[in-house]
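All residue numbers for the sequence shown refer to our numbering, where the first residue is 92 and numbers rise by one. Following: one structure in structure tokens, then a few remarks.
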Amino acid sequence: MKMWKKIILVLAVILLGGVYSYGEWSRAIYNTDISTGLYENTGALENGIAFEQQFTCYDEGFCGLSVKLSKLDHPVIGEYNWEIQDVEAGKVVGNGTIDESTTENKLFESSSALKRGNIILNFPRQEGSAGKEYIFVIKESDVRADETMAVYLTEMNENSSSLKVGNQHMDKAGVIKLYYHRFNVETFIVFLGIMVYLAIFIKFIYKLFR
């Protein structure tokens, strides 16, 4: 193969790797080694009991999160408000509502007996989020006694700072994953490594059977 063709091929592989490696990537704020069967939950978020999870962002481009919750007494939940607070700036960077329509996604096992699953909440991408502290808050807005929900809890990891449910501080973390819209260097390196391996393998096979 001529040198200019090799250069074009290498550049094409690098470009493809770059495109593949740029997107949304998630990291958990809880200990993922704990079995799901050992998860606990907050109990009903009602009567002014709010869920407040403080955490540290690991990467740049914080743009959303997923949280695992359960419907409790009824297959339909009421309306809850949520918000993301930037601790250092002292401002809200994202907010919205959680209601029945939020659970209508493929990550929520609405057909299961426990009516549990993950919901995804998005907000504008945060520049300079790496190393910053944020607080995720859920409060009831319009919830009847039989329309409550609970957030799943498990052991903390290094990215979860503190958890408060109502007036109770807990040494736990919500089952929450943070989403980052960024270039993933690790994925890019792995992709290039696989491409190099395939190139060497194909060249070896070609020489072997030539």
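We put the beta carbon where it would ideally sit given N, CA and C, even for glycine.
To the nearest angstrom, how far is it from the Cα of tyrosine 243 to the Cα of glutamate 191?
-> Distance from the CA atom of tyrosine 243 to the CA atom of glutamate 191, rounded to whole angstroms, is 17 Å.
What's the gap between the Cα of glutamate 151 and the Cα of leucine 299?
-> Going from the Cα of glutamate 151 to the Cα of leucine 299 covers about 47 Å.
Using DSSP with H/G/I as helix, E/B as strand and the rest coil, what is glutamate 249?
-> The answer is coil: DSSP assigns glutamate 249 none of H, G, I, E or B.
Quick one: which unbroken beta strand (DSSP E) runs of 3-plus residues sit fully inside the stretch 120-155? Chain order, please.
-> Fully contained in the stretch 120-155 are the following beta strand (DSSP E) runs of length 3 or more, in chain order: 142-147.
Identified DSSP bridge partners for asparagine 186 | Answer is Glu174, bridged to asparagine 186.
Quick one: grab the DSSP three-state call for serine 117.
-> Strand.
Got a sec, what are the start and stop residues for the beta strand (DSSP E) leucine 212 sits in?
-> First-last of the beta strand (DSSP E) with leucine 212: 207-217.
Strand pairing of alanine 264, partner residues [DSSP] = Beta-bridge pairing links alanine 264 to Thr245.
Based on Cα-Cα distance, which residue from Ser117, Gly139, Glu131, Gly155 lies nearest to glycine 185?
-> When each option's Cα is compared against that of glycine 185, the closest is Gly155.
Quick one: using the 10 Å Cβ neighbour count with 16 as the cut-off for buried, is isoleucine 168 buried or exposed?
-> It counts as buried.
Could you give the distance in angstroms between the alpha-carbon of glycine 134 and the alpha-carbon of threonine 188?
-> CA-to-CA, the gap between glycine 134 and threonine 188 works out to about 19 Å.
Who are the Cβ neighbours of isoleucine 120 in its own chain at under 6 Å, not counting the five residues just before and after it?
-> By the criterion of a C-beta distance shorter than 6 Å, isoleucine 120 is surrounded in its chain by Phe146, Asn250, Ser251, Ala264, Ile267, once the five residues flanking it on both sides are discounted.
Could you tell me if aspartate 177 is buried or exposed, where buried requires 16 or more neighbouring beta carbons within 10 angstroms of its beta carbon?
-> Taking all protein chains shown into account, aspartate 177 has 16 or more neighbouring C-beta atoms within 10 Å of its C-beta and is therefore buried.
Compute the distance between the beta-carbons of isoleucine 211 and tyrosine 171, then report whether it is under 8 Å.
-> No.
Local Cβ density within 10 Å of tyrosine 297, reported as buried at 16 or more and exposed below that | Tyrosine 297 should be labelled exposed.
Taking the C-alpha atoms as reference points, what is the distance between lysine 223 and tyrosine 149?
-> When rounded, the distance between both Cα atoms is 8 Å.
Under the three-state DSSP convention, the category lysine 162 falls into = Lysine 162 falls in the strand class under three-state DSSP.
For tyrosine 130, collect the residues of the same chain with a Cβ closer than 6 Å to its Cβ; drop the 5 residues on either side in sequence, then sort them by chain order.
-> Correct list, in chain order: Tyr243, Thr245.
Consult DSSP for valine 234 and reduce its assignment to one of helix, strand or coil.
-> It is coil, neither helix nor strand.
Given tryptophan 116 as reference, the closest of Arg216, Lys159, Arg207, Arg235 once Cα atoms are compared | Looking at the Cα atoms, Arg216 is the closest of the given residues.
Cα-Cα separation between valine 287 and lysine 197, rounded to whole angstroms | Rounded to the nearest angstrom, the two C-alpha atoms are 36 Å apart.
In angstroms, rounded to a whole number, what distance separates the CA positions of serine 157 and arginine 235?
-> Cα-Cα distance, rounded: 24 Å.
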